[in-house]
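**Q** Residue numbers (the working numbering), protein chains in the order written: chain R, 1 to 273; chain P, 1001 to 1299. Every residue, glycine too, gets a C-beta built ideally from N, C-alpha and C.
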């Protein structure tokens, strides 16, 4: 445990020096503020407080931004050590490869947690200032924060796995961007296309819920929207969220980080310095 | 005494290339062994196997009584890689603190360790601003953590100036006196000569010679060279007495003989009396001995 903490502190310091902490936080705060400003116009009679509306918009933002940040922070984790030539020495220390990965994960999760808390917090502050009723939405905000951290953990783990598989930072960066495009953008587009061609048939009613749960980004979106009962307000694929029980999306959200770390550990074990 | 490191019939193949062929050696506590060999002779491969970084194909390796790379072995072995590298964003102190924490030692020793390798003044500067020699010292500092029973040093003095090299070998002497076994590789034969107990020469993956420098010198039995300066006007006399000698452009005559014929030849030169003004006996250099052994396989 001490070795994991020592690794985490060292990684956090490196990320801080490399401005990752300020970049991640700045990005989240900026986007959250833009959303809060845009979301403050059409309120009125939706019947929910302003913070719940903001959380629904933040969910759509987080689906894109959290995986992106996580992959940007993680693609260098193993490949960077290989390229700098720091890996052989590190591996002669009495610390296991899993401990090294968990230390890095802890540091990166702390940064991600800090960034989303400050980002969402800023948006929440704006909402509460303009609508005192908005404090009712704090539960939804808290749910969004911890589920964002879980989503981040999944993509951090996958990023480490890609980093170990590529062994060069440039290759790992390419793989990370490709994964982001596929998991966050193309996957949903493909599902939408299938729904359109299917026209409410067997795919939409049976395969779609499973397809949404199989993708951690979609599971995250479905979980937050159905938990906030904001399904009606959400367009696109979010509309399908109502068909999926809450425990299923929560289970997917919890399962993926472990699967991703296991994958990363297996890939890292294959790296010979 | 139980050896700290035992290697027997170690063989390692990289696809079709045999990097190590049935290498055997033992290293007792407190002994310093120098590993010599060309680039690609298998030195780094052997070190990485001892550290457990890469697997091997056959043979046996025992480090401090356990398998190489096992947690128990890693806790007792320290390593200095060739061209030690660290994260440029960390300071020397932060990096060494991290290594101390990984070995379960008190991180507060970092400054003291850096001071021992002469880096106390730069401890709070980022490693990105360090010179190659300074990075090498950070590498040395981390090998001093705890009380390693085996030190594996890959080209430890590359990038160090002569004074630092001497300080470095003084550090090693101190560690060896406390019982640490040391395996180091080097290209600088002269420093290895005075500062190690044993020399191992690897060539093409085989251990071609092993022993003290005196052993190797005797076994190589390389010829001794003489450099003779004739008195002015006596060059012809010298050339007539030693037709086998080769005259140099500088007026010197060079002669060569086997070790056993050294004294008879010396007597013959001395018999020339005033015809000779000066004489130098040049024993085979370390480089000659090294090339003798490492070239045996027709390299």
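1) According to DSSP, simplified to helix, strand and coil, what is residue 1148 of chain P?
2) Three or more C-beta pairs under 8 Å: does that hold for the stretch 172-183 of chain R against the stretch 87-98 of chain R?
3) If the cut is a Cβ gap below 9 Å, which residues of chain R does residue 1090 of chain P touch?
4) Can you tell me which of the three DSSP states residue 1282 of chain P falls into?
5) Answer with yes or no whether the minimum CB distance from residue 1 of chain R to chain P is below 8 Å.
6) Is the stretch 1031-1042 of chain P close to the stretch 1198-1206 of chain P, with three or more CB pairs under 8 Å?
7) Run through the DSSP bridge pairs and tell me what residue 1080 of chain P is partnered with.
8) Go through its chain and collect everything with a Cβ distance to residue 106 of chain R's Cβ below 6 Å, but skip five positions before and after it.
9) Can you tell me the Cα-Cα spacing of residue 1123 of chain P and residue 1108 of chain P, whole angstroms?
10) Classify residue 258 of chain R as buried or exposed, calling it buried when 16 or more other Cβ atoms lie within 10 Å of its own Cβ.
11) Quick one: residues in its chain with C-beta nearer than 6 Å to the C-beta of residue 1277 of chain P, no 5 flanking neighbours on either side, listed in chain order?
12) What's the call for residue 206 of chain R, buried or exposed, on a 16-neighbour Cβ count within 10 Å?
13) Using alpha carbons as the reference points, say which of P:1127, P:1024, P:1043, P:1114 lies closest to residue 84 of chain R.
14) Here's the rule I'm using: 16 or more other beta-carbon atoms within 10 Å means buried, otherwise exposed. How should residue 224 of chain R be labelled?
15) For residue 86 of chain R, go through chain P and note every residue whose CB falls closer than 8 Å to its CB, in chain order.
16) Counting Cβ pairs, one atom from each stretch, are 3 or more of them under 8 Å apart for the stretch 1014-1032 of chain P and the stretch 1070-1083 of chain P?
17) Give the interface partners of residue 95 of chain R over in chain P, defined as CB-CB distance under 7 Å, in chain order.
18) Once you ignore the five residues that flank residue 184 of chain R on each side, which residues in its own chain have a CB closer than 8 Å to its CB?
19) Based on Cα-Cα distance, which residue from R:59, R:70, R:11, R:133 lies nearest to residue 1090 of chain P?
20) Examine chain R for any beta-carbon lying closer than 8 Å to the beta-carbon of residue 1077 of chain P, and answer yes or no.
21) Helix, strand or coil: which one does DSSP assign to residue 1241 of chain P?
22) Since residue 6 of chain R meets chain P, which of its residues come closer than 7 Å, beta carbon to beta carbon?
23) Taking contact to mean at least 3 C-beta pairs separated by less than 8 Å, is the stretch 15-32 of chain R in contact with the stretch 112-121 of chain R?
24) Flag residue 245 of chain R as yes if its beta-carbon sits less than 8 Å from any beta-carbon of chain P, otherwise no.
25) For residue 55 of chain R versus residue 137 of chain R, is the C-beta spacing smaller than 8 Å?
26) Name the two residues that bound the continuous alpha helix (DSSP H) containing residue 1192 of chain P.
27) Just checking, does the stretch 1160-1180 of chain P make contact with the stretch 1253-1264 of chain P on the three C-beta pairs under 8 Å criterion?
28) Just verifying my parser: in three-state terms, what is the DSSP assignment at residue 1257 of chain P?
29) Where DSSP assigns a beta bridge to residue 1203 of chain P, which residues make up the other side?
30) Check each residue of the stretch 1045-1077 of chain P: if its Cβ is closer than 7 Å to any Cβ of chain R, include it; give the result in chain order.
31) Where do the ends of the alpha helix (DSSP H) carrying residue 220 of chain R lie?
32) Tell me residue 1026 of chain P's beta-bridge partners as DSSP assigns them.
33) Going by DSSP, what residue range makes up the alpha helix (DSSP H) through residue 1105 of chain P?
34) I believe residue 1080 of chain P touches residue 1143 of chain P by the beta-carbon criterion, under 8 Å. Please report the beta-carbon distance rounded to the nearest angstrom.
35) Residues of the stretch 1144-1156 of chain P in Cβ contact with chain R at a cutoff of 9 Å, in chain order, please.
36) Rank R:122, R:165, R:112 by C-alpha distance to the C-alpha of residue 149 of chain R and give the top, closest one.
**A** On the basis of the coordinates in this document:
1) As a working mapping, residue 1148 of chain P is identified with position 148 in the second chain. Here residue 1148 of chain P sits in coil by DSSP.
2) no
3) For the purposes of this step, residue 1090 of chain P is taken as the residue at position 90 of the second chain. Per Cβ cutoff of 9 Å: 10, 13, 14, 17.
4) Position 282 of the second chain, counted from the first residue, corresponds to residue 1282 of chain P. Note: residue 1282 of chain P maps to strand in three-state DSSP.
5) What you label residue 1 of chain R is simply residue 1 of the first chain in a count that begins at 1. Not closer than 8 Å to any Cβ of chain P, the Cβ of residue 1 of chain R fails to qualify, so no.
6) yes
7) What you label residue 1080 of chain P is simply residue 80 of the second chain in a count that begins at 1. Paired residues: P:1153.
8) Taking the first residue of the first chain as 1, we reach residue 106 of chain R at position 106. 8, listed in sequence order.
9) Residue numbering aside, residue 1123 of chain P sits at position 123 when the second chain is read from its first letter. Residue numbering aside, residue 1108 of chain P sits at position 108 when the second chain is read from its first letter. Distance between the alpha carbons of residue 1123 of chain P and residue 1108 of chain P is about 12 Å.
10) What you label residue 258 of chain R is simply residue 258 of the first chain in a count that begins at 1. By the 10 Å Cβ count, residue 258 of chain R comes out exposed.
11) Residue numbering aside, residue 1277 of chain P sits at position 277 when the second chain is read from its first letter. Same-chain partners within the cutoff: 1229, 1231.
12) Working through the first chain from its first residue, we reach residue 206 of chain R at position 206. That one is exposed.
13) By one-based count along the first chain, residue 84 of chain R stands at place 84. Cα-wise, what sits closest to residue 84 of chain R is P:1127.
14) The residue given as residue 224 of chain R occupies position 224 in the first chain. Under this definition residue 224 of chain R is a buried residue.
15) As a first step, residue 86 of chain R must be located in the first chain, where it is residue number 86. Within 8 Å Cβ-Cβ: 1085, 1086, 1087.
16) no
17) For the purposes of this step, residue 95 of chain R is identified with residue 95 of the first chain, where counting begins at 1. Here the neighbours are 1102.
18) For this step, residue 184 of chain R is matched to residue 184 along the first chain. Counting only Cβ-Cβ distances below 8 Å, and skipping sequence neighbours, we find 63, 64, 67, 68, 217.
19) Counted from its first residue, the second chain places residue 1090 of chain P at position 90. Closest by alpha carbon: R:11.
20) As a first step, residue 1077 of chain P must be located in the second chain, where it is residue number 77. Yes, its Cβ sits closer than 8 Å to a Cβ of chain R.
21) Within the second chain, the letter at position 241 stands for residue 1241 of chain P. Of the three classes helix, strand and coil, the one that applies to residue 1241 of chain P here is helix, per DSSP.
22) Taking the first residue of the first chain as position 1, residue 6 of chain R is located at position 6. Under the 7 Å cutoff, chain P gives 1098, 1101, 1102.
23) yes
24) By 1-based counting over the first chain, the position of residue 245 of chain R is 245. No, its Cβ sits nowhere closer than 8 Å to a Cβ of chain P.
25) Residue 55 of chain R sits at position 55 when you count from the first residue of the first chain. Residue 137 of chain R sits at position 137 when you count from the first residue of the first chain. Yes, Cβ-Cβ distance for residue 55 of chain R and residue 137 of chain R is below 8 Å.
26) Translated into the one-based positions of the second chain, residue 1192 of chain P becomes position 192. That run of the alpha helix (DSSP H) goes 1189-1195.
27) no
28) Taking the second chain and counting its residues from 1, the one referred to as residue 1257 of chain P is at position 257. Strand.
29) Within the second chain, numbered from 1, the residue matching residue 1203 of chain P stands at position 203. Paired residue(s): P:1206.
30) 1051, 1053, 1054, 1071, 1074, 1075, 1077
31) Here the question's residue 220 of chain R lines up with position 220 in the first chain. 216-227 is the span of the alpha helix (DSSP H), which, as asked, contains residue 220 of chain R.
32) Residue 1026 of chain P sits at position 26 when you count from the first residue of the second chain. Answer by DSSP bridge pairing, in chain order: P:1006.
33) Reading the second chain from its first residue, position 105 is the one you call residue 1105 of chain P. Judged by DSSP secondary structure, residue 1105 of chain P falls outside any alpha helix (DSSP H); it is assigned neither H nor E.
34) Along the second chain, one-based indexing puts residue 1080 of chain P at 80. Along the second chain, one-based indexing puts residue 1143 of chain P at 143. The Cβ separation is near 5 Å, so the contact holds.
35) 1152
36) Position 149 of the first chain, counting from 1, holds the residue named residue 149 of chain R. Residue R:112 is the option with its Cα nearest to residue 149 of chain R.
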